[in-house]
Amino acid sequence: MMIKLIEPEARFNKTVSELKKDRFYPDSKPVYPIDYELPFEYTCYHCGYKVSIRNQDLERHAKSNHSNLTDSERVLIEKFVAEHGLDEASFLDFECPECRQAVRVLYKNGPGGFSGMTYELKHVIELSDE
Ligand SMILES: [Zn+2]
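Counting from 1 along the sequence shown, just add 6 to a position and that's the residue number in my numbering.
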């Protein structure tokens, strides 16, 4: 099993996005998120399949330990993340629906704009059999 660390620019259409939230009053909780922006789009290097990731997906996975990968894939990636000191960010794990390529996207999320959230893709980790 090979693990590769990839710059997000090499796989994604963009690396920064913003999720805005509507509020009735500045101090109240956001009523609902508004996603004005086009989704992040990951292109699988292996098969060319394009995977869309919306701001809301990143919001849901922020600071979460949920993974969509198998236990063995997750353990390999987490060891790699720890060894390379990449673990400061949130992550989203997924498999390419076409070729099952396992991918982890590490990203930072923070306050942005008008009571919204900003997401910045920092690293992409890919597992492959090659
Ligand atoms: Zn693929």
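Positions of the beta carbon are idealized from the N, C-alpha and C atoms, including for glycine. If you're wondering where the values come from, they're calculated on a predicted model, not measured in any experiment.
Please find out if some non-hydrogen atom of ligand 1 comes closer than 7 Å to the beta-carbon of Tyr55. Position 49 of the sequence shown, counted from the first residue, corresponds to residue 55. Yes, ligand 1 has a heavy atom inside 7 Å of this Cβ.
Considering only residues of the same chain and omitting the five flanking positions on each side of Cys50, which have a CB-CB separation below 6 Å? Within the sequence shown, numbered from 1, the residue matching residue 50 stands at position 44. Here the set comprises Cys102, Gln107.
Every unbroken alpha helix (DSSP H) within the segment 48 to 136, with a cutoff of 4 residues, ordered by chain: 61 to 67, 77 to 89
Chain-order list of residues whose beta-carbon lies under 6 Å from that of Lys56 (same chain, five-residue window excluded): For the purposes of this step, residue 56 is taken as residue 50 along the sequence shown, with counting starting at 1. So the list reads Glu47, Thr49, once near-sequence residues are dropped.
Please tell me whether, using a cut-off of 7 Å, the distance from the CB of Glu104 to the nearest non-hydrogen atom of ligand 1 is below it. Looking up residue 104 in the sequence shown gives position 98. Yes, the beta carbon of Glu104 sits closer than 7 Å to at least one heavy atom of ligand 1.
Return the residue from the list His129, Met123, Asp135 that minimises the CA-CA distance to Phe43. Reading the sequence shown from its first residue, position 37 is the one you call residue 43. For the record, residue 43 in the displayed sequence is Glu; it is not Phe. Nearest option by C-alpha distance: Met123.
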